[in-house]
Structure formats: C-alpha cells, structure tokens
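Heads up, the thing below is written out as structure tokens.
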Amino acid sequence: MSRPREFDVDRALNQSMEVFWTKGFKATSYDDLTRTTQVKKQSLYCVFKNKRELFLKALALYRQQNIAKLEELTSMEVSPLTKLEAICEAALNQSDEPTNRGCLIVNATLEFGTEDEEVNREVALMFNHVEQVLENVIRGGQEQRLIMTRLTSRELAVHLNNALSGAKVMEKSGASREQIAEVLRTAIALMMPEIV
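Rendered as structure tokens:
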C-alpha cells in the first residue's frame, strides 16, 4: 500500500514556479526547490519525476494563471480601448517587483531558444492564446471605429502581443516602469484611427 502524500502538491508547484521565475531553469538547483517547498527531494520527484517535468508543469501553471487574468480583464463591461489599456497596466504592475523577473514564459524562450520542443509548446500556447484574446478585443474596437482598420485585427494583435513581450524583456533587463509604460502607450496610440 502506498503512503499518503505528505504535502500540498498545488502549493509546492506554485512555490516551484516562483523559484523558476526568479532564477530560471538551469540556475535552479534541487536544493532551491526543496528549501522553498519544504518538501524532501524524494517526495517532490515522486510526484513530478524530475526538475524538467516540474519546470514544464510550472510553465503550464503560469500560462493558465496569466490567461485567466487576461480573460478577466477582457470580460469587463468597458470599451475595447479601456480593455487594452487595462491589459497594459496589468503588465506594468508586475514591474513593481524588485527582482525584475519579467515573464516566466518570455524568460523560458530566452533561456531555451528552440532547443526544447515541450518548452516551445508551452510558449506557443501562451502566445497564441494571448494573441487570440487581443484580436477579439481589437476587432470589437474596429467595429466601434475606435481602432484603425488599415491593418487587420490579427495584425494589430500580433503587434501588441510583441510589444507586451518586449516590455517583459525590458523589465528583465532593468528598464524603468516609465520606459516600459511609454512603449506600451505608443503601441496603443499607433492603433488609433487617423482623423481626417
């Protein structure tokens, strides 16, 4: 008969995600994970198999949490432009953290490049989902003539998604909140319809 699990798996996964987010995959040691989670290595890897498996689960959790926040912001009963501004503001709020952690998904992209198929899959799921949500909001703004129609909603969504990712790289590299805010304000301003 197997022994009952002696730790909260969801809590341990959240704590591990925070460690990976701060240190990256390669710089995170087994000691970092066991010290933070207060779970013995054998127990931790009995559930998550190994560090890589734990990292992949942490990436998936991070993606799910961020998509849930994004969908909450876009479900507000406000104009499409206000929704886009709220998304940018939410991205800026994470910049208040003193560690300049950036975004775990962007960090994973920078750390792994294209060398890990499963990491790339998580990254693609995140970017595609964010792009789809942005596209829906932008399309609504175009229908209300609040956003230019010279470019398609998809093209503008790709542009804004890229600006948000770039903002996270800026954050990771130590850029100020004001510099990041300027980039995001410009990205939104470029979507405004031309006044003739």
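First residue of the sequence shown? That's 1 in UniProt numbering, and the numbers climb one at a time after it. Beta carbons are placed, not taken as given, at the ideal position from N, Cα and C, and that holds for glycine.
Extent of the continuous alpha helix (DSSP H) to which residue i belongs
| i | result |
| --- | --- |
| Glu71 | Lys51 to Thr74 |
| Cys46 | Lys41 to Phe48 |
| Gly174 | It is not in any alpha helix (DSSP H) - Gly174 carries neither H nor E in the DSSP assignment. |
| Ile138 | Glu117 to Glu143 |
| Phe112 | Leu104 to Phe112 |
Secondary structure of residue i, DSSP reduced to three states
| i | result |
| --- | --- |
| residue 199 | Outside the displayed span of the chain (1 to 196) sits residue 199, for which this structure offers no information. |
| Ile147 | coil |
| Ser2 | The pLDDT assigned to Ser2 is 47, lower than 50, so where the model puts this residue is not dependable; a value taken from the coordinates is nonetheless given after this. Coil, per DSSP. |
| Asp32 | helix |
| Asn100 | coil |
| Phe7 | coil |
When the options are compared against residue i, the one with the closest alpha-carbon
| i | options | result |
| --- | --- | --- |
| Val19 | Ala181, Phe7, Glu77 and Arg35 | Arg35 |
| Gln132 | Gly113, Val158, Ala108 and Leu146 | Val158 |
| His129 | Leu146, Phe7 and Gln65 | Gln65 |
Cβ of residue i within 8 Å of any chain B Cβ
| i | result |
| --- | --- |
| Thr114 | The structure shown contains no chain B; it holds only a single protein chain. |
Problem - Contact between the segment 114-122 and the segment 34-47 (3+ Cβ pairs under 8 Å) - result: Contact between the segment 114-122 and the segment 34-47 is absent, because fewer than three Cβ pairs lie under 8 Å.
Problem - Validate contact between the segment 184-195 and the segment 163-173 using beta carbons, cut 8 Å, 3 pairs - result: In short, these stretches touch, since the Cβ pair count reaches three.
Exercise for the section: Could you say if the segment 109-118 and the segment 134-142 meet the contact criterion of at least three C-beta pairs nearer than 8 Å? Expected result: Contact fails: fewer than three Cβ-Cβ distances are below 8 Å.
Handout entry: the segment 80-90 touching the segment 141-150, judged by at least three CB pairs closer than 8 Å
Key = Under the Cβ criterion (8 Å, minimum of three pairs), the segment 80-90 counts as touching the segment 141-150.
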